[in-house]
Amino acid sequence: MELASKYDPQAVESKWYQYWLDNKLFSSKPDGREPYTVVIPPPNVTGVLHMGHMLNNTIQDILVRRARMEGKNACWVPGTDHASIATEAKVVNRLAQQGIKKTDLTREEFLKHAWDWTHEHGGIILKQLRKLGASCDWDRTAFTMDETRSRAVIHVFCDLYKKGLIYRGVRMVNWDPKAQTALSDEEVIYKDEHSKLYHLKYYVVEKDCQQVDEENVIHKDEKGYYAVVATTRPETIMGDSAMCINPEDKKNTWLKGKHVIVPLVNREIPVIEDTYVDIEFGTGCLKVTPAHDINDHALGLKHGLETIDIFNDNGTISEAAGLYVGMDRMDVRKQISIDLQNAGLMEKIEDYNNKVGFSERTNVPIEPKLSTQWFLKMQHFADIALPPVMNDDIEFYPKKYKNTYRHWLENIKDWCISRQLWWGHRIPAYYFDNAGKKDFVVAETAEEALKLAQEKNANIKAEDLEQESDCLDTWFSSWLWPISLFDGIENPDNEEINYYYPTSDLVTGPDIIFFWVARMIMAGYEYRGKMPFKHVYFTGIVRDKLGRKMSKSLGNSPDPLDLIDKFGADGVRMGMMLSAPAGNDILFDESLCEQGRNFNNKIWNAFRLVKGWETADIEQPKSAEIAVKWFDAKLKEVNEEMQKQFKEYRISEALMTVYKLFWDEFSSWYLEMVKPAYGQPIDQKSYDATLRFFDALLKMLHPFMPFITEELWQHIYDRKDGESIMREKLEMPAPTAEEQKLTADIDAVKQIIAGVRTVRNQKNIAQKEQLSLQVVGKNDFEAFNEVTLKMANLDKIEVIAEKSADASSFMVGTDEFAVPLGDLIDVAAEIEKAEAQLKHLEGFLMGVRKKLSNENFVAHAPEKVVALERKKESDSVEKIAALKATIEELKKK
Numbered sequence: 002m003e004l005a006s007k008y009d010p011q012a013v014e015s016k017w018y019q020y021w022l023d024n025k026l027f028s029s030k031p032d033g034r035e036p037y038t039v040v041i042p043p044p045n046v047t048g049v050l051h052m053g054h055m056l057n058n059t060i061q062d063i064l065v066r067r068a069r070m071e072g073k074n075a076c077w078v079p080g081t082d083h084a085s086i087a088t089e090a091k092v093v094n095r096l097a098q099q100g101i102k103k104t105d106l107t108r109e110e111f112l113k114h115a116w117d118w119t120h121e122h123g124g125i126i127l128k129q130l131r132k133l134g135a136s137c138d139w140d141r142t143a144f145t146m147d148e149t150r151s152r153a154v155i156h157v158f159c160d161l162y163k164k165g166l167i168y169r170g171v172r173m174v175n176w177d178p179k180a181q182t183a184l185s186d187e188e189v190i191y192k193d194e195h196s197k198l199y200h201l202k203y204y205v206v207e208k209d210c211q212q213v214d215e216e217n218v219i220h221k222d223e224k225g226y227y228a229v230v231a232t233t234r235p236e237t238i239m240g241d242s243a244m245c246i247n248p249e250d251k252k253n254t255w256l257k258g259k260h261v262i263v264p265l266v267n268r269e270i271p272v273i274e275d276t277y278v279d280i281e282f283g284t285g286c287l288k289v290t291p292a293h294d295i296n297d298h299a300l301g302l303k304h305g306l307e308t309i310d311i312f313n314d315n316g317t318i319s320e321a322a323g324l325y326v327g328m329d330r331m332d333v334r335k336q337i338s339i340d341l342q343n344a345g346l347m348e349k350i351e352d353y354n355n356k357v358g359f360s361e362r363t364n365v366p367i368e369p370k371l372s373t374q375w376f377l378k379m380q381h382f383a384d385i386a387l388p389p390v391m392n393d394d395i396e397f398y399p400k401k402y403k404n405t406y407r408h409w410l411e412n413i414k415d416w417c418i419s420r421q422l423w424w425g426h427r428i429p430a431y432y433f434d435n436a437g438k439k440d441f442v443v444a445e446t447a448e449e450a451l452k453l454a455q456e457k458n459a460n461i462k463a464e465d466l467e468q469e470s471d472c473l474d475t476w477f478s479s480w481l482w483p484i485s486l487f488d489g490i491e492n493p494d495n496e497e498i499n500y501y502y503p504t505s506d507l508v509t510g511p512d513i514i515f516f517w518v519a520r521m522i523m524a525g526y527e528y529r530g531k532m533p534f535k536h537v538y539f540t541g542i543v544r545d546k547l548g549r550k551m552s553k554s555l556g557n558s559p560d561p562l563d564l565i566d567k568f569g570a571d572g573v574r575m576g577m578m579l580s581a582p583a584g585n586d587i588l589f590d591e592s593l594c595e596q597g598r599n600f601n602n603k604i605w606n607a608f609r610l611v612k613g614w615e616t617a618d619i620e621q622p623k624s625a626e627i628a629v630k631w632f633d634a635k636l637k638e639v640n641e642e643m644q645k646q647f648k649e650y651r652i653s654e655a656l657m658t659v660y661k662l663f664w665d666e667f668s669s670w671y672l673e674m675v676k677p678a679y680g681q682p683i684d685q686k687s688y689d690a691t692l693r694f695f696d697a698l699l700k701m702l703h704p705f706m707p708f709i710t711e712e713l714w715q716h717i718y719d720r721k722d723g724e725s726i727m728r729e730k731l732e733m734p735a736p737t738a739e740e741q742k743l744t745a746d747i748d749a750v751k752q753i754i755a756g757v758r759t760v761r762n763q764k765n766i767a768q769k770e771q772l773s774l775q776v777v778g779k780n781d782f783e784a785f786n787e788v789t790l791k792m793a794n795l796d797k798i799e800v801i802a803e804k805s806a807d808a809s810s811f812m813v814g815t816d817e818f819a820v821p822l823g824d825l826i827d828v829a830a831e832i833e834k835a836e837a838q839l840k841h842l843e844g845f846l847m848g849v850r851k852k853l854s855n856e857n858f859v860a861h862a863p864e865k866v867v868a869l870e871r872k873k874e875s876d877s878v879e880k881i882a883a884l885k886a887t888i889e890e891l892k893k894k
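Per our numbering, the very first residue in the sequence shown carries number 2; after that it's consecutive.
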């Protein structure tokens, strides 16, 4: 195969990805090797690739490809998540465009539309990941609602119910009025809001006014005595059941035992006392709405208050409110404010900053709502999931997330696992009428449910059973992911689960540490008695170069596929990883992808250069012999460093290490050391060594840049069909002490060569002009003279007691080197350059002295500032004297 003159990523990437697929190079079956298992964080089935996916899956692919090359049986399992809320919302929206309401359809009809949508859009993101080079075992692709995963979910629900860990009850939940479903606490995102604080007048009822202590009354007008309640949510006053004061609040003592009238609503409510009320907030008077606030609900239960639910499921006002029925809650807030002011019931309105909970999925403000839901008791799971992370049985990278994890588990709340949706795993509870009372059983199948129901009531028939309409929270399926992917729930002793579990590395974002990571750990110990993974690598958030989180709404997120088309997948992968230290946010700049593309071109051109050399049966030059020994040692040194970096999950640093090895050490130094003179052949020994080094470098680079490395590796030697760099092992011993000394010595030699090159640049001496090098005293690097002669283009290196008068010198460590210049420099040009520097310095000195001659400056400026100016003066005087001496010397030549 002939290598093209320019690297064309599109042609190379499509060719090799198909080759990998055709030869089943990603597939894995249990065997005698050490397994290396990674499960993909399942993206939403209807999602498309974004920059976060790009980062996450690039890191996974790097780890998987490296494990393969270490000889492990690498198994990367792909899959997608059914995403109940997001997918149902998209299906409902598409139906609405067709003039169809969800409520017009039966559950079965709706689910048909949902499956149609899933088949149409599902899997797009997985196809897109192939463009990135993701080496997943695609034959194992799973879906959280496929048959195996669904059976596992239902089995676990029934098992936990039997264990007494799942219960059904009325609780205050987070309600999403747009999706019309309950949410868990973790699905609520709190945002800072610029709100209003409304101060409302609650008048004391007339019969209680006679007992009011006139001296202590704070508020009174022509209508009577009143208390002021400050609230951010005036629309909830229709649900008020009481007003509460702190019994220790002296300013509100006059209200004790009284009743007040809810403004506009005109309902009489009692004033209750509880230390829960913050004396300092607002007026110290709290309106109590038990149906619409978690803390108010607790007060309601404690004081036996009425619960009035004023909201419909969609966030409109219900009949129970008596006012504004059918209006949206946000419209009511605006209208009720106007109506309260018109009725003289608003004391004042002021600006107020507070935090408001929003639905993570639909981005609308959530409503606290009393609702009958299914819950999972979490304390048991927190108890089994906390120690392994704290003890580092499961290791987090970076470690800082251990504290985040611990805080959540130590403050765990029961998990609301039911959702009022049709798309998802339907809860396996079956209701029936049992002697006039509503009863239910929990079973994996309708047939089993009938048997259980008949144990309670022998007269129950199949048609009497009605299955729960709610679905399970999507996370209730994905918390089983590392187990259910290998059918470890229903078949807990099968070959695959015993071989692949626990998995090795999990790569995910810290934003789902509670949703997913913690819960997988819980499920792992509950159902396998061991960890689900050994290490968790937390990626950062991808931000733009201004530090803003990338999003469609800001328009600052590039399309990953466009980037791949422009820079090639290897270029984009490298661009992502150059800015992606574990756990830290990624400041992404497209120029990083350009840097990645340039590196691809560098590798390509270096390979073409080497393959373009002619070989001959000639003796290996001493400079090439040294170069080969040195680079062999350097490879071992860098390989050892990269192994340590991978072990510590410093993946970006590992990439930078191999990047510098190729660009600086191999291309800039090694190839120049062994390169034959123009038109001359290279000796076979050096050529073979160079190809061997290229082979090793491509293996080191392959996990990061799979496509170009495969293409070039196939060109190094004659390969058989089906062979791949992916199956190659990179085995390299650690460097010996002798080799470590060699690399240190060559580093010093490189400084000597750089010193000579600096003299050339400073004195404008062309590279083709041969120079001599003088070593003052003793040459500690004589063994490497052949390399120095070639790389610095020298005719000789001599040891002298004292450098020549016309020499330009430099230091390397404590050794002095000098380059005799003789007639090589352009004296006129050097004089002109020195005189220009002299003129600049004399002008600078004049400015400094002017400042120091200013008595006001010297008297009032800080002592340090004056001292700095005096130092500038003395330094300038010294430099001017030296320049004048140099000019005099030059004029003598």
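We put the CB at the ideal spot given by N, CA and C, even for glycine.
Please read these numbers as outputs of a predicted model, since none were measured by experiment.
Asked	Found
What whole-angstrom Cβ distance do residue 735 and residue 637 have, given they're in contact under 8 Å?	6 Å
When the Cα of residue 231 is compared with those of 74, 224 and 288, which residue comes out closest?	288
Out of curiosity, what's the CA-to-CA distance linking residue 799 and residue 776?	6 Å
Which residue or residues does DSSP assign as beta-bridge partners of residue 143?	80
If we ignore side chains and look at the alpha-carbon of each, how far apart do residue 262 and residue 228 end up?	10 Å
Please classify residue 592: is it buried, with 16 or more other beta-carbons within 10 angstroms of its beta-carbon, or exposed?	exposed
For residue 613 versus residue 572, is the C-beta spacing smaller than 9 Å?	no
From residue 680 to residue 662, what distance separates their C-alpha atoms?	28 Å
Answer yes or no: do residue 14 and residue 132 have a C-beta to C-beta separation smaller than 9 Å?	yes
CA-CA distance, residue 499 and residue 605?	44 Å
Report, in whole angstroms, the separation of the C-beta atoms of residue 373 and residue 205, which I expect to be a contact under 8 Å.	No, residue 373 and residue 205 are not in contact; Cβ-Cβ is about 37 Å, not under 8 Å.
Specify the secondary structure class of residue 416 as computed by DSSP and reduced to three states.	strand
Taking the C-alpha atoms as reference points, what is the distance between residue 523 and residue 560?	36 Å
What's the C-alpha gap between residue 626 and residue 765?	32 Å
Any idea what DSSP makes of residue 813, helix, strand or coil?	strand
Can residue 86 and residue 12 be called in contact, C-beta distance under 9 Å?	no
Identify which residue in 692, 653, 682 and 258 has its Cα closest to the Cα of residue 618.	682
Apart from the five residues just before and just after residue 297, which ones in its own chain have a Cβ nearer than 7 Å to its Cβ?	289, 290 and 291
Is the segment 236-255 touching the segment 264-275, taking contact as three or more C-beta pairs under 8 Å?	yes
Taking 8 Å as the line, does the beta carbon of residue 303 fall inside it for any heavy atom of the ligand COA?	Looking at this structure, you won't find the ligand COA or any other ligand, since it has none at all.
Can you say whether residue 639 is buried or exposed, counting buried as having 16 or more other CB atoms within 10 angstroms of its CB?	buried
On the criterion of 16 or more Cβ atoms from any shown chain inside 10 Å, does residue 549 qualify as buried, or is it exposed?	exposed
Identify every residue that forms a DSSP beta bridge with residue 176.	183 and 368
Less than 9 Å between the beta carbons of residue 588 and residue 361, yes or no?	no
When the Cα of residue 161 is compared with those of 851, 378 and 472, which residue comes out closest?	378
Does the separation of the CB atoms of residue 312 and residue 178 fall below 9 Å?	yes
Apply the 10 Å Cβ neighbour rule to residue 395 and answer buried if 16 or more other Cβ atoms are within range, or exposed otherwise.	buried
Counting C-beta neighbours from all protein chains within 10 Å, is the total for residue 367 16 or more, i.e. buried, or is it exposed?	buried
Sorted by chain position, which residues of the same chain lie with C-beta nearer than 8 Å to residue 716's C-beta, five sequence neighbours on each side aside?	2, 4, 608 and 612
Using only the alpha-carbon positions, how far apart do residue 284 and residue 40 sit?	55 Å
Considering only residues of the same chain and omitting the five flanking positions on each side of residue 191, which have a CB-CB separation below 8 Å?	356, 357, 358 and 359
Ends of the beta strand (DSSP E) at residue 355?	347-360
Considering only DSSP beta bridges, list what residue 756 is partnered with.	Paired residues: none, contrary to the question.
Helix, strand or coil, according to DSSP, for residue 775 in the structure here?	strand
How about residue 809 and residue 21: are their beta carbons less than 9 Å apart?	no
If I follow the unbroken beta strand (DSSP E) through residue 505, where does it start and stop?	504-509
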